Amino acid sequence: MNQEYLRAIPKVDELLREPSVQAMAEKYTTRTVTDAVRAVLEDLRRELLEGGRNTPPDKAALCATIQAHARRAALPSLRSVINGTGVVLHTNMGRACMSERAAEAARDVARSYNTLEYDVEGGCRGDRCAHVEGLLTRLTGAESALTVNNNAAAVLLILSAMATGGEVIVSRGELVEIGGSFRIPEIMETCGARLREVGTTNKTHLGDYEKAICEDTRALMKVHTSNFRVVGFTKTVSPSELAQLGHSRGLPVIEDLGSGSLVNLARLGLRDEPTVQESVAAGVDLVSFSGDKLLGGPQAGIIVGREEYLSLLREHPLYRAMRVDKMVLAALEATLRAYVEETAETELPTLAMLAVSPETLRMRAQRLCALAREVGANAEVIPGEDQVGGGSVPTQTLPSFAVAVMPARGGVAALEAAMRLRERPIIGRVAHDRYLLDARTLREDEFSCIVDALRECLR
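Position one of the sequence shown corresponds to residue 8 (the numbering used here), numbered consecutively onward.
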């Protein structure tokens, strides 16, 4: 019987002449539709040969499958999603959302020739880092600044330029692993430096650093534990204490701040997150931090500090391999200008999401809940707590509100998958057999898309 069905499979050209398939080519291009036809027919042949199908091919059903295949193939792999998780700096979803000004700045330089390395006033070659260096020094109080492609690259460049062939002293309580492969001991080895551990996991004293200094010591290093906390019976050495010790011995002091906030987040309810300005003021010689976390800009690794050390980094061979491109610099400049102009908390989405009040979030959730109920969803507003995410401010959460949807049939897992697999994916959470959409990371201009999706998925 399968052989009979195999002979009934239409040919590629036959399906391409179908009016519904021809209409697809106008939307998805002829190549995309042709590839979809071939892929669908190949899948059909495989099912028949393997015995997974015992019905003849239906041309209308084939055309519908081809359309779905072409639609999926035409979608960009990297595309925007609606984040209903409540995690502001979601690592898997691109961390910080950039401001409109930053996105437009990146788009503008991407579409045209620009002043990346051209000095308009002098009519000669310019320095690409000059676009943001002045803003960074003004905001942080540092003498100089440099930008590379992420904070891991910043740490790698610093250690390669400053410590190759010597020792770097780090507290055992700060030997962090970030992501899946960035581990301080292994980075040291990669840079040709030797790690000298001092203190214990929970307690490190200034004297521990002092006793470890020897003729092979190249630097003292402090690493902010941005993705975990050691609590209880603990002791750490402050940046100012470490800077005083380093300078008294003629050694540079390096600090990896991780997220690197430029504003004090305590008034937003987030404690123990140091600012870049505090580290610079404490006398730390080189401070590195991320551009796409609490700063709220594009992915970048930013280094600020003393000019004598920054000049060594600029001259190092690795710098050229790590430097950022025109779009990152344009977006970063626009982001930094928001801080200079004191509009950051309203202009930058990251800070705006962190600063929004619980009452505002409750009202936002109530509006979405009412719209969801209008399309038949069994929904209610529930209180909850949000994580900042992205290796920032661990162990601390912010109060929030979410819309909880309880599907009458099909199950919550099926609803979550259906929302996630749309052309514009909607990413929520599942908890206690409910599908949750958190108000903190949702924009009101996304509500109509969410409601349309609920209407279709719940149907």
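All residues carry an ideal CB built from backbone N, CA and C; glycine is no exception. All of these numbers come straight from a predicted model, not from anything done at the bench.
**Q.** Reduced DSSP category for aspartate 393 - H, G, I as helix; E, B as strand; rest coil
**A.** Strand.
Q. Given a threshold of 16 other Cβ atoms within 10 Å of its Cβ, counted over all protein chains shown, does methionine 370 qualify as buried or as exposed?
A. Taking all protein chains shown into account, methionine 370 has fewer than 16 neighbouring C-beta atoms within 10 Å of its C-beta and is therefore exposed.
Q) Terminal residues of the continuous beta strand (DSSP E) containing threonine 39? A) In the DSSP assignment, threonine 39 falls outside any beta strand (DSSP E) and lies within the alpha helix (DSSP H) extending over 37-56.
(Q) In whole angstroms, give me the CA-to-CA distance for phenylalanine 408 and glycine 418. (A) Phenylalanine 408 and glycine 418: Cα-Cα distance of roughly 23 Å.
Q. Over what stretch of residues does the beta strand (DSSP E) that includes isoleucine 16 continue unbroken?
A. Careful: isoleucine 16 lies outside any beta strand (DSSP E) and carries neither H nor E.
(Q) Is it the case that the stretch 312-330 contacts the stretch 176-183, given that we only count it when at least three CB pairs across the two stretches are under 8 Å? (A) Cβ pair count under 8 Å is below three, so no.
Q. Nearest-angstrom Cα distance between glycine 199 and leucine 227?
A. Approximately 16 Å between the Cα atoms of the pair.
Q | Stretch-stretch touch, CB-based, cutoff 8 Å, three pairs: the stretch 102-111 with the stretch 67-83 | A | Taking a cut-off of 8 Å for Cβ pairs, the stretch 102-111 and the stretch 67-83 do not touch, as fewer than three such pairs fall below it.
Q.
Rounded to whole angstroms, what is the Cα-Cα separation between alanine 460 and methionine 426?
A. Taking the straight line from one Cα to the other gives about 7 Å.
**Q.** Separation of leucine 146 from valine 347, as counted between CA atoms
**A.** Those two C-alpha atoms are separated by around 7 Å.
Q: Report the three-state DSSP secondary structure of alanine 372 (helix, strand or coil).
A: Shown here, alanine 372 sits in a helix according to DSSP, grouped into three states.
Q) For methionine 228, which residues does DSSP report across the bridge? A) BP columns for methionine 228 point to Ile261.
Q.
According to DSSP, simplified to helix, strand and coil, what is leucine 428?
A. The three-state reading of DSSP puts leucine 428 in coil, since its state is none of H, G, I, E or B.
Q) Quick one, which of Leu465, Ala338, Leu358 and Gly383 has its alpha-carbon nearest valine 116's? A) Checked all of Leu465, Ala338, Leu358 and Gly383; the closest Cα to valine 116 is Ala338.
Q) Between the beta-carbon of isoleucine 467 and the beta-carbon of glutamate 423, is there less than 8 Å? A) Because the chain spans 8 through 466 in this model, residue 467 falls outside it and cannot be assessed.
(Q) Please state whether the Cβ-Cβ distance between glutamate 387 and alanine 411 is less than 8 Å. (A) Yes, Cβ-Cβ distance for glutamate 387 and alanine 411 is below 8 Å.
Q) Can you name the start and end residues of the beta strand (DSSP E) that threonine 154 belongs to? A) Its beta strand (DSSP E) spans residues 151-155.
Q. How close, in whole Å, do the beta carbons of threonine 144 and glycine 133 come, if the pair is a contact with beta carbons under 8 Å?
A. Not confirmed; about 17 Å, so no contact.
Q: Please classify cysteine 376: is it buried, with 16 or more other beta-carbons within 10 angstroms of its beta-carbon, or exposed?
A: When all chains shown are included, cysteine 376 counts as buried.
Q | valine 502, DSSP secondary structure in three states | A | Given a span of 8 to 466 for the chain in the structure shown, any question on residue 502 remains unanswerable.
Q: Return the first residue and the last residue of the alpha helix (DSSP H) that alanine 289 is part of.
A: Membership of alanine 289 in any alpha helix (DSSP H) is not indicated, and neither H nor E is assigned to it by DSSP.
Q: Look at the alpha carbon of valine 131 and the alpha carbon of tyrosine 125, and state the distance between them as a whole number of angstroms.
A: Note on identity: in this sequence residue 131 is cysteine, with valine being the wrong assignment. Each residue's alpha carbon lies about 6 Å from the other.
Q | For serine 167, the nearest candidate out of Ala446, Arg78 and Glu193 (CA to CA) | A | The residue with the shortest Cα to Cα distance from serine 167 is Glu193.
Q: Rounded to whole angstroms, what's the CA-CA distance from valine 437 to aspartate 393? Just pull it up for me.
A: A straight line joining the alpha-carbon of valine 437 with that of aspartate 393 spans about 14 Å.
Q. Checking contacts by CB at 8 Å: is glutamine 29 closer than that to chain B?
A. This model lacks chain B altogether, as it is built from one protein chain only.
Q.
Distance check for leucine 272 and glutamine 403, CA to CA, integer angstroms please.
A. Approximately 12 Å between the Cα atoms of the pair.
Q. Within this structure, are the beta carbons of aspartate 20 and alanine 80 separated by less than 8 Å?
A. Against a cut-off of 8 Å, the Cβ pair of alanine 80 and aspartate 20 comes out as no contact.
(Q) Taking the alpha-carbon of proline 281 as reference, which of Ser266, Gly214 and Gly290 has the nearest alpha-carbon? (A) It is Ser266.
Q: Return the first residue and the last residue of the beta strand (DSSP E) that phenylalanine 296 is part of.
A: Unbroken beta strand (DSSP E) run through phenylalanine 296: 293-297.
Q: Pull up the distance between the alpha-carbon of valine 136 and that of arginine 278, whole angstroms please.
A: The question names valine, but residue 136 in the sequence shown is cysteine. Their Cα atoms are separated by approximately 32 Å.
Q. To which residues of the same chain is glutamate 217 closer than 7 Å at the C-beta, ignoring the five residues directly before and after it?
A. Excluding positions up to five away in sequence, the list reads Leu252.
Q: Could you spell out where the alpha helix (DSSP H) holding aspartate 459 opens and where it closes?
A: First-last of the alpha helix (DSSP H) with aspartate 459: 454-465.
Q: Sort Asn209, Gly303, Val363 and Val175 by Cα distance to glutamate 196 and report the nearest one.
A: Glutamate 196 has its Cα closest to that of Val175, out of Asn209, Gly303, Val363 and Val175.
Q. Quick one, are the C-beta atoms of alanine 112 and glutamate 340 less than 8 Å apart?
A. A contact, by the Cβ cut-off of 8 Å.
Q: Can you tell me the Cβ-Cβ gap for serine 244 and threonine 211, rounded? I've got them flagged as a contact below 8 Å.
A: The residue you asked about is not serine; residue 244 is valine in the sequence shown. Taking the Cβ atoms as the reference, valine 244 lies roughly 6 Å from threonine 211, within the contact range of under 8 Å.
Q | Boundaries (first-last residue) of the alpha helix (DSSP H) holding glycine 253 | A | Under the DSSP assignment, glycine 253 falls in the alpha helix (DSSP H) whose first and last residues are 246-255.
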